[in-house]
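> Got a structure here, written out as structure tokens. Questions coming.
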Amino acid sequence: MNTTARQRGGLVISLDFELAWGVHDSLGSEGAYRVNLLGARKAVPRILELFNEFHIEATWATVGFLFAESREELMQFIPAVKPTYRDLRRDPYRIELGVDEASDPLHYAASLVKEIASTPGQEVASHTFSHYYCLEDGQTVEQFAADLSAAQAIARSKGFEVSSLVLPRHQNRSDYLPVIAQAGFDAYRSNEPNWLNRPARAGSSGNLVRAARLIDSWVPLTGANLVPWASTRPDANGLVDVRESRFLRPAGTMGKLLDDLHYSRIASAMHYAAKQGHLFHLWWHPHNFGAKQEDNLALLRRLLVLHAKFRRDYGFGSYSMRTVSESARIVTHMQQDRQPVGPRPAALHACRTGGRQLSAVVGSE
Numbered sequence: 023m024n025t026t027a028r029q030r031g032g033l034v035i036s037l038d039f040e041l042a043w044g045v046h047d048s049l050g051s052e053g054a055y056r057v058n059l060l061g062a063r064k065a066v067p068r069i070l071e072l073f074n075e076f077h078i079e080a081t082w083a084t085v086g087f088l089f090a091e092s093r094e095e096l097m098q099f100i101p102a103v104k105p106t107y108r109d110l111r112r113d114p115y116r117i118e119l120g121v122d123e124a125s126d127p128l129h130y131a132a133s134l135v136k137e138i139a140s141t142p143g144q145e146v147a148s149h150t151f152s153h154y155y156c157l158e159d160g161q162t163v164e165q166f167a168a169d170l171s172a173a174q175a176i177a178r179s180k181g182f183e184v185s186s187l188v189l190p191r192h193q194n195r196s197d198y199l200p201v202i203a204q205a206g207f208d209a210y211r212s213n214e215p216n217w218l219n220r221p222a223r224a225g226s227s228g229n230l231v232r233a234a235r236l237i238d239s240w241v242p243l244t245g246a247n248l249v250p251w252a253s254t255r256p257d258a259n260g261l262v263d264v265r266e267s268r269f270l271r272p273a274g275t276m277g278k279l280l281d282d283l284h285y286s287r288i289a290s291a292m293h294y295a296a297k298q299g300h301l302f303h304l305w306w307h308p309h310n311f312g313a314k315q316e317d318n319l320a321l322l323r324r325l326l327v328l329h330a331k332f333r334r335d336y337g338f339g340s341y342s343m344r345t346v347s348e349s350a351r352i353v354t355h356m357q358q359d360r361q362p363v364g365p366r367p368a369a370l371h372a373c374r375t376g377g378r379q380l381s382a383v384v385g386s387e
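Encoded structure:
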């Protein structure tokens, strides 16, 4: 038997939890998409039930506004320095809010955040305080820093130590990474490393790119987009990049044939990740499941059943972004000390990642 230590592959899941804050400048919350947004509140508990049934870890990147129970509470955390977007449609602070979650369920979600946190294996993370856009004209790095500070403050007020960050619309930029680290984050999710998913301002991607992204969800234009463990090594800012692999598109909107192609696209990549010991990072928004919930939950169950098979056959794990970050740091430290990267009882007893032993991530073959 080969006893060379290695890190086991795994499925990483992250959800961008934003409700109306994620579409206030595009689809809005009063039109046809309101069904999806209201449905998201019912979808979240059902997704959590599936995660619990299949022992799935996941990261819930939550807009800071959603932590508040009321307008009065939210006002206590509004930063003095707000984004000055040139396009005023991007400004969330112009929105008139209801008094509390009961009267305005699309802009507050404290009860759902509590439900997420109480489910085993779930990481409460940040999607910035205000659904902040890092690439939009007019905003500044100082405003971004103030937003992240507010996000951390409101999370701490609820008892959460938030260490993972997902930037809205995947508007990642390398010059903002030091600010992310200074705000107390350890990990972030970057874009797929291909021409279809480069960071861009809202509305700047042409029709060709948008069409190619859609086709890529059915056929592998960009490959499997796996995440090797080597790519999770902390960078110069101390941040771990847990980059995306695939967006889970809503089911039931374009017919069973295309839904099956989408499933097969993901299933094939997961299988390859399991065999190669790589990570596969799947993400979506809860409001993507807001309409046609039965179709969407059936697709998710189908994927989780497949994951359970790969877990049995290959030791293919289930990791939150925090688990990946903590494991990457420990392994990097052990390698720097020129110590074996295989599990050692004392070290494993001292370090648990997301409520699980590091041995779930680092194994030997």
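Residue 40 in the working numbering is what sits at position 18 of the sequence shown, and the numbering runs on without skipping anything. Here a beta-carbon is modelled for each residue, glycine too, at the ideal position from N, C-alpha and C.
Between which two residues does the beta strand (DSSP E) holding Ser36 run?
Segment 32–39, the beta strand (DSSP E) holding Ser36.
> Nearest-angstrom Cα distance between Met292 and Asn58?
Met292 and Asn58: Cα-Cα distance of roughly 28 angstroms.
> Tell me, please, which residues DSSP counts as bridged to Tyr210.
Tyr210 pairs with Leu187, Asp263.
> So if DSSP puts Tyr341 in a beta bridge, which residue, or which two residues, is it bridged to?
Partner(s): Val34.
> Excluding the 5 residues flanking Leu326 on each side, which residues of the same chain have their C-beta closer than 7 angstroms to its C-beta?
Around Leu326: Leu72, Phe76, Ile78.
> Starting from Val146, trace the alpha helix (DSSP H) in both directions and tell me its first and last residue.
Looking at the DSSP string, Val146 is not in any alpha helix (DSSP H); the run it does join, the beta strand (DSSP E), is 144–148.
> Using the C-alpha atoms, what's the distance from Ile352 back to Gly260?
The alpha-carbon atoms of Gly260 and Ile352 are separated by roughly 13 angstroms.
> Using DSSP's beta-bridge definition, name the partner residues of Trp305.
Partner(s): Ser36, Phe269.
> Thinking just about the alpha-carbon of each residue, which of Met356, Pro308, Glu118 is nearest to the one in Arg68?
Measuring from the Cα of Arg68, the nearest candidate turns out to be Pro308.
> What are the start and end residues of each continuous alpha helix (DSSP H) run of 4 or more residues lying completely inside the stretch 275–340, in chain order?
Counting only runs of 4 or more, we get 278–298, 315–336.
> Please report how far the alpha carbon of Leu33 lies from the alpha carbon of Leu304, in whole angstroms.
Rounded to the nearest angstrom, the two C-alpha atoms are 7 angstroms apart.
> Do you know offhand how far Pro362's Cα is from Met356's?
Note that Pro362 scores a pLDDT of 49, beneath 50, so its modelled location is shaky; the value from the coordinates is reported in the next line. If you take the alpha carbons of Pro362 and Met356, they lie about 7 angstroms apart.
> Look up Trp43 in the DSSP assignment and say whether it is helix, strand or coil.
In this structure, Trp43 counts as helix in the three-state DSSP scheme.
> Consult DSSP for Trp82 and reduce its assignment to one of helix, strand or coil.
Trp82 falls in the strand class under three-state DSSP.
> By how many angstroms is the C-alpha of Arg324 removed from the C-alpha of Leu279?
Roughly 15 angstroms separates the two Cα atoms.
> Give me the residue from Ser179, Thr106, Gln193 with the minimum Cα distance to Ala168.
If we check each option's Cα against that of Ala168, Thr106 comes out closest.
> Is the stretch 186–206 close to the stretch 250–266, with three or more CB pairs under 8 angstroms?
Contact holds: three or more Cβ-Cβ distances are below 8 angstroms.
> With DSSP run on the structure shown, which of helix, strand or coil describes Ser239?
Ser239: coil per DSSP, three-state reduction.
> Of all the options Asp359, Lys297, Ala330, which has the alpha carbon lying nearest to the alpha carbon of Gln29?
Among Asp359, Lys297, Ala330, the Cα nearest to that of Gln29 belongs to Lys297.
> What's the C-alpha gap between Ser267 and Asp335?
Their Cα atoms are separated by approximately 22 angstroms.
> Of all the options Ser152, Val135, Leu134, Thr162, which has the alpha carbon lying nearest to the alpha carbon of Arg108?
Here the closest residue by C-alpha is Thr162.
> DSSP three-state label for Ser92, please.
Strand, per DSSP.
> Report back the beta-carbon spacing between Val45 and Tyr55 to the nearest angstrom; my notes put them in contact at under 8 angstroms.
The Cβ separation is near 6 angstroms, so the contact holds.
> DSSP on Asp169, reduced to helix/strand/coil?
Three-state DSSP puts Asp169 in a helix.
> If I follow the unbroken alpha helix (DSSP H) through Gln204, where does it start and stop?
Segment 199–204, the alpha helix (DSSP H) holding Gln204.
> Report yes if the C-beta distance between Phe89 and Val135 is below 8 angstroms; otherwise report no.
Taking 8 angstroms as the Cβ cut-off, Phe89 and Val135 qualify as a contacting pair.
> With Leu157 and Ala205 assumed to form a contact (beta carbons below 8 angstroms), what rounded beta-carbon distance in angstroms separates them?
That belief does not hold up - the Cβ atoms of Leu157 and Ala205 are roughly 18 angstroms apart, past 8 angstroms.
> For the alpha helix (DSSP H) containing Asn74, list its first residue and its last residue.
Note, Asn74: alpha helix (DSSP H), 56–75.
> What is the DSSP secondary structure of Val163, counted as helix, strand or coil?
Helix at Val163.
> Return the bridge partner residues of Val249 from the DSSP annotation.
Paired residues: Leu301.
> How would you call Ile237, buried or exposed, if buried means at least 16 neighbouring beta carbons within 10 angstroms?
It is exposed - the Cβ of Ile237 has fewer than 16 other Cβ atoms within 10 Å.
> Distance check for Glu40 and Ile138, CA to CA, integer angstroms please.
Whole-angstrom Cα-Cα distance: 14 angstroms.
> Does DSSP classify Gln29 as helix, strand or coil?
Strand.
> What are the residues that DSSP puts in a beta bridge with Asp122?
Ser92.
> With respect to the alpha helix (DSSP H) encompassing Leu134, which residues constitute its N-terminal and C-terminal limits?
From DSSP, the alpha helix (DSSP H) with Leu134 extends over 132–139.
> Please report the straight-line C-alpha distance between Asn74 and Gly160, rounded to a whole angstrom.
Distance between the alpha carbons of Asn74 and Gly160 is about 43 angstroms.
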